[in-house]
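Just below is one structure, and these are the notes that go with it.
2 protein chains.
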Amino acid sequence: MLRIPYSELLETLQRILLKVGLDRPRAALCGQLFAETSRDGVYSHGLNRFPLFISMIRSGFVDVHAQAERVSTSGALERWDGKSGPGNLNAYQCMDQVIALSRLHGLGCVALANTNHWMRGGTYGWQAAEAGVIGICWTNTSPNLPPWGTSEPRLGNNPLVIAVPRKQGHVVLDMAMSQFSYGALASYRMSGELLPVEGGFNSEGMLTRFPAAIESSKRPLPIGYWKGSGLALLLDLVAATLSRGCATYQIDAAAERESRLSQVFIAIDPSFAGQEYFPAEVADQVIANLQLPFQSADEHVRYPGERVLRTREENMRQGVPVDPTIWRQVQEMV
Amino acid sequence: MLRIPYSELLETLQRILLKVGLDRPRAALCGQLFAETSRDGVYSHGLNRFPLFISMIRSGFVDVHAQAERVSTSGALERWDGKSGPGNLNAYQCMDQVIALSRLHGLGCVALANTNHWMRGGTYGWQAAEAGVIGICWTNTSPNLPPWGTSEPRLGNNPLVIAVPRKQGHVVLDMAMSQFSYGALASYRMSGELLPVEGGFNSEGMLTRFPAAIESSKRPLPIGYWKGSGLALLLDLVAATLSRGCATYQIDAAAERESRLSQVFIAIDPSFAGQEYFPAEVADQVIANLQLPFQSADEHVRYPGERVLRTREENMRQGVPVDPTIWRQVQEMV
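Top line first, the protein sequences correspond to chains D and Y.
Residue numbering for the first sequence follows this note's numbering, starting at 32 and increasing by one per position.
Residue numbering for the second sequence follows this note's numbering, starting at 32 and increasing by one per position.
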């Protein structure tokens with residue numbers, strides 16, 4: 032496996048983003064968000080997705096000059112138009128805005144329409160937690176998940192992020208409503224592994240642990256069967272209703288483009304009502320209380336976000352693992 | 032099956048609540064919330080749970096005279112103390128409050144500590160939707176769900192409710208983080224049915240569809256395995272952090288008492304920014320688009336909340352089904 036220094040990854044991505052037309056501060060932030068995603072071990076939405084992002088810029092699906100704009104406001108609730116700008120910059124800006132709203136009002140919500148794929152959803156959870164607030168956000172997606180009981184993808188797998196700040200390591204959940212995201216299916220397939228549990232139906236409608244069979248049938252399993260199907264529906268409804276943007280059924284399922292998405296960002300300031308408060312203690316005790324004998328002796332109960340910190344530290348020290356083919360492809364874009 | 036008129040059920044419950052000490056308006060509302068829950072087909076949390084509720088009043092776990100009080104406020108975010116009052120009255124009051132906050136600020140959030148079991152969570156989703164706003168709420172519970180990979184219940188199954196208003200029938204999701212709630216396990220057991228999918232582990236650690244085996248092992252399966260386990264953890268952390276009340280690990284697992292719970296209520300007004308708006312259209316189209324050939328020919332894709340309306344109509348017309356033993360037991364309390 033090839034590892035490259037984080038700084039080299041970061042500078043390479045930033046130079047390419049400048050070249051395709053982002054202005055300097057936006058190229059810097061956009062490249063940083065991509066590089067941090069690989070640094071944190073979410074390779075599918077970091078470097079590995081960068082070439083698709085560049086091709087979406089070149090084909091006009093992503094407008095590098097577009098900046099999200101506030102359309103309306105009602106105190107703690109705002110509606111924004113992403114104007115088809117870069118999805119990670121739009122999402123970062125909206126989370127920044129709800130953090131500011133939460134300082135003023137206790138909590139804030141921004142509903143964002145017309146945006147592009149936000150890449151790693153967890154990014155905005157970490158962003159909120161770093162600011163000391165609780166962050167909740169989700170996105171809809173193109174149709175990629177059949178409603179429970181059917182075989183045609185009409186729902187999105189609509190990733191949901193919830194983050195709680197903690198001095199010893201933020202707790203950041205980032206999960207799609209399918210048992211395995213398409214990125215996870217691809218990773219299992221490429222490493223030749225079976226899924227640890229059934230992850231969807233094959234084209235014959237049988238449950239399977241073969242990742243490629245699910246990629247080809249486009250029938251991943253919603254978490255909890257009917258429950259994840261229902262939750263995916265509600266996340267889509269709330270996002271489309273509040274943003275007045277597209278619901279999943281209006282989003283082009285073609286390719287992996289994922290444009291015209293709708294997203295919701297919420298931040299809640301736990302130190303509200305003028306009292307100094309950092310929720311470290313309760314979170315520490317809750318997590319300490321989860322430590323139990325684990326099914327395999329060399330593992331333990333991990334809280335969401337725990338593994339990220341370990342991977343981040345390792346990748347900063349040893350270099351960020353990259354797929355040599357993709358890295359070469361990206362280097363040629365500079 | 033015995034069916035009784037809704038009005039008879041309602042009046043019986045209200046009379047008993049007066050007798051155990053609730054004042055007139057609170058007895059009226061509390062009885063109504065119980066009766067509506069049975070009317071809507073959620074028998075486990077309506078009449079069937081009423082005797083336990085009365086016994087919790089008699090044993091002092093529920094204080095009929097306690098009224099929830101606001102502890103602090105920060106504009107759109109408030110912290111309330113439930114003072115061990117009746118859980119459904121506390122929850123109803125907090126949802127009412129966030130609906131009011133959402134009219135003022137676009138959205139509102141109340142975190143409630145020291146409350147009791149809220150009975151049917153969906154109640155507060157319907158309440159928000161009836162008011163024309165989006166409702167999101169959840170509760171923690173006593174430890175009843177093992178963290179993924181372990182065998183001891185340390186998480187709660189922490190039901191989550193999301194509701195979107197719609198003229199043709201509100202969309203109301205009400206789901207626990209376990210594949211089957213304990214109420215659902217009991218229903219399957221009493222009807223002698225196997226679960227439709229594996230719902231947990233038996234005492235030997237094997238996945239099973241036998242409801243009684245899971246009731247006895249106390250090892251229900253989280254939805255989506257590690258995903259539902261993570262989501263349950265985050266819901267608990269946010270509720271305990273914001274309310275400064277108990278986290279699941281601090282809640283007495285004994286019996287089914289479920290006191291000292293922490294809950295979060297959020298309402299978002301989709302007509303914010305002074306524009307008339309009812310999200311009927313987008314919700315209608317999203318739901319219409321889900322209609323697909325279903326796995327069994329006599330069924331169709333149901334949206335969350337759809338079955339409730341049918342059951343409600345049937346039960347108002349034909350009477351509310353009651354368990355004869357429980358109904359007799361309740362009648363004797365009058």
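We put the beta carbon where it would ideally sit given N, CA and C, even for glycine.
Given a threshold of 16 other Cβ atoms within 10 Å of its Cβ, counted over all protein chains shown, does Gly52 (chain Y) qualify as buried or as exposed? For the purposes of this step, residue 52 (chain Y) is identified with residue 21 of the second sequence, where counting begins at 1. Gly52 (chain Y) is exposed by the Cβ-count criterion.
By DSSP's criteria, Leu176 (chain Y) is part of a beta bridge. Which residues make up the other side? The residue given as residue 176 (chain Y) occupies position 145 in the second sequence. Answer is Y:Leu186.
Looking only at its chain, what residues have a beta carbon closer than 7 Å to the beta carbon of Asn145 (chain Y), apart from the 5 residues adjacent to it on each side? One-based indexing of the second sequence puts residue 145 (chain Y) at position 114. If we look at Asn145 (chain Y) and ignore the five residues flanking it on each side, its Cβ neighbours are Asp112, Gly113, Lys114, Ser115, Gly276 and Arg291.
Three Cβ pairs or more, each shorter than 8 Å: is that satisfied between the segment 251-265 of chain Y and the segment 178-190 of chain Y? yes
Give, in chain order, every residue of the segment 93-114 of chain D whose Cβ lies closer than 9 Å to some Cβ of chain Y. Val102, Ser103, Thr104, Ser105, Gly106, Ala107, Leu108, Glu109 and Arg110
Would Pro251 (chain D) pass as a contact of Phe211 (chain D) if the rule is Cβ separation under 8 Å? As a position in the first sequence, residue 251 (chain D) is number 220, starting the count at 1. As a position in the first sequence, residue 211 (chain D) is number 180, starting the count at 1. Yes, these two residues count as a Cβ contact at 8 Å.
Could you pull the DSSP bridge partners for Val141 (chain D) from this structure? On the first sequence, position 110 is the one that residue 141 (chain D) refers to. D:Glu109 and D:Phe296.
Runs of 4 residues minimum, wholly inside the segment 46-113 of chain Y: which ones carry the alpha helix (DSSP H) assignment? 55-70 and 81-89
Check Leu252 (chain Y) in the structure and name its three-state DSSP category. For the purposes of this step, residue 252 (chain Y) is taken as residue 221 along the second sequence, with counting starting at 1. Reduced to three states, the DSSP call for Leu252 (chain Y) is coil.
Within 10 angstroms of its Cβ, does Gln349 (chain D) collect 16 or more other Cβ (buried), or is it exposed? Along the first sequence, one-based indexing puts residue 349 (chain D) at 318. It is exposed - the Cβ of Gln349 (chain D) has fewer than 16 other Cβ atoms within 10 Å.
Would you mind sorting Val133 (chain Y) into buried or exposed? The rule is 16 or more other CB atoms within 10 Å of its CB. Taking the first residue of the second sequence as position 1, residue 133 (chain Y) is located at position 102. For the sequence presented, residue 133 (chain Y) should be read as Ser rather than Val. Burial call: buried.
In the DSSP assignment, find the beta strand (DSSP E) that holds Arg34 (chain D) and state where it starts and stops. As a first step, residue 34 (chain D) must be located in the first sequence, where it is residue number 3. From DSSP, the beta strand (DSSP E) with Arg34 (chain D) extends over Leu33 to Ile35.
Looking at the unbroken alpha helix (DSSP H) that takes in Gly259 (chain D), where does it start and where does it end? Working through the first sequence from its first residue, we reach residue 259 (chain D) at position 228. From DSSP, the alpha helix (DSSP H) with Gly259 (chain D) extends over Trp257 to Ser274.
Run through DSSP, which three-state label would Val164 (chain Y) get? Numbered from 1 along the second sequence, position 133 holds the residue referred to as residue 164 (chain Y). The answer is coil: DSSP assigns Val164 (chain Y) none of H, G, I, E or B.
Buried or exposed: Pro178 (chain Y), going by 16 or more other Cβ atoms within 10 Å of its Cβ? Within the second sequence, residue 178 (chain Y) is the residue found at index 147, counting from 1. Burial call: buried.
Can you name the residues that DSSP bridges to Trp169 (chain D)? Working through the first sequence from its first residue, we reach residue 169 (chain D) at position 138. Note: Trp169 (chain D) sits in a beta bridge opposite D:Leu191 and D:Val295.
Nearest to Ala99 (chain D) by alpha carbon, out of D:Gln128, D:His76 and D:Val73? Counted from its first residue, the first sequence places residue 99 (chain D) at position 68. Selected option, being the one with the closest Cα: D:Gln128.
Counterpart residues of Glu238 (chain Y) in DSSP-defined beta bridges: Position 207 of the second sequence, counting from 1, holds the residue named residue 238 (chain Y). The question names Glu, but residue 238 (chain Y) is Leu in the sequence shown. Paired residue(s): Y:Phe232.
May I ask you to list the residues that DSSP assigns as paired with Leu204 (chain D)? What you label residue 204 (chain D) is simply residue 173 of the first sequence in a count that begins at 1. In the DSSP output, where bridge partners are listed per residue, Leu204 (chain D) has D:Ile193.
Three-way DSSP call (helix, strand, coil) for Thr181 (chain D) in this model: Here the question's residue 181 (chain D) lines up with position 150 in the first sequence. Reduced to three states, the DSSP call for Thr181 (chain D) is coil.
Going by C-alpha to C-alpha distance, which of Y:Ser234, Y:Lys258, Y:Leu268 and Y:Val164 sits closest to Ser182 (chain Y)? Against the second sequence, residue 182 (chain Y) aligns to sequence position 151. Selected option, being the one with the closest Cα: Y:Ser234.
Against chain D: residues of the segment 59-77 of chain Y by CB proximity under 9 Å: none
Please list the partners that Cys140 (chain D) has in chain Y, where partner means a Cβ-to-Cβ separation under 8 Å. Locating residue 140 (chain D) in the first sequence gives position 109, counting from the first residue. Per Cβ cutoff of 8 Å: Gly137, Leu138 and Ile299.
Taking 8 Å as the threshold (C-beta atoms), are Ala270 (chain D) and Ala59 (chain D) in contact? Looking up residue 59 (chain D) in the first sequence gives position 28. Looking up residue 270 (chain D) in the first sequence gives position 239. No, the pair does not count as a contact, with Cβ atoms beyond the cut-off.
Which bits of chain Y does Phe325 (chain D) rub up against, with CB to CB less than 8 Å? Position 294 of the first sequence, counted from the first residue, corresponds to residue 325 (chain D). Correct list: Gly180 and Thr181.
Can you list, in chain order, the residues of its chain whose CB lies under 7 Å from that of Gln63 (chain Y), leaving out five sequence neighbours each side? For the purposes of this step, residue 63 (chain Y) is taken as residue 32 along the second sequence, with counting starting at 1. Excluding sequence neighbours, Gln63 (chain Y) sits near Leu41.
Kindly indicate the opening and closing residues of the beta strand (DSSP E) around Val353 (chain D). Numbered from 1 along the first sequence, position 322 holds the residue referred to as residue 353 (chain D). Segment Val351 to Val353, the beta strand (DSSP E) holding Val353 (chain D).
Would a C-beta distance cut-off of 8 Å place Gln362 (chain D) and Trp149 (chain D) closer than the cut-off? One-based indexing of the first sequence puts residue 362 (chain D) at position 331. One-based indexing of the first sequence puts residue 149 (chain D) at position 118. No, the Cβ-Cβ distance between Gln362 (chain D) and Trp149 (chain D) is not below 8 Å.
7 Å Cβ shell around Arg288 (chain Y) - same chain, five flanking residues per side excluded: Numbered from its first residue, the second sequence carries residue 288 (chain Y) at position 257. So the list reads Met87 and Phe92, once near-sequence residues are dropped.
Which of the three DSSP states, helix, strand or coil, is assigned to Ser209 (chain Y)? Along the second sequence, read from residue 1 onward, the residue named residue 209 (chain Y) stands at position 178. Ser209 (chain Y) falls in the strand class under three-state DSSP.
Gln158 (chain D) classed as buried or exposed, judged by whether at least 16 other C-beta atoms fall within 10 angstroms: For the purposes of this step, residue 158 (chain D) is taken as the residue at position 127 of the first sequence. The residue in question, Gln158 (chain D), is buried, as its Cβ has 16 or more Cβ neighbours within 10 Å.
Strictly below 7 Å CB to CB, what residues from chain Y border Val228 (chain D)? Within the first sequence, residue 228 (chain D) is the residue found at index 197, counting from 1. Ordered by position in chain Y, the residues that pass the 7 Å Cβ test against Val228 (chain D) are Tyr256.
Which chain Y residues are close to Glu330 (chain D), counting only those with a beta carbon under 9 Å from its beta carbon? The count along the first sequence starts at 1 and reaches residue 330 (chain D) at position 299. Simply Gly180.
How long is the line joining the alpha carbons of Arg341 (chain Y) and Leu321 (chain Y), rounded to whole angstroms? Taking the second sequence and counting its residues from 1, one reaches residue 341 (chain Y) at position 310. Taking the second sequence and counting its residues from 1, one reaches residue 321 (chain Y) at position 290. Near 19 Å, if we compare the C-alpha coordinates of Leu321 (chain Y) and Arg341 (chain Y).
When you compare each of Y:Leu108, Y:Asn121, Y:Gly118 and Y:Gly230 to Leu135 (chain Y) by their alpha carbons, which one comes out closest? Start at 1 with the first residue of the second sequence, and residue 135 (chain Y) comes out as number 104. When only C-alpha atoms are compared, the closest one is Y:Leu108.
Take Phe325 (chain D) and list the residues in its own chain whose beta-carbon comes closer than 8 Å to its own, dropping the five residues that flank it on each side. Along the first sequence, read from residue 1 onward, the residue named residue 325 (chain D) stands at position 294. Same-chain partners within the cutoff: His331 and Val332.
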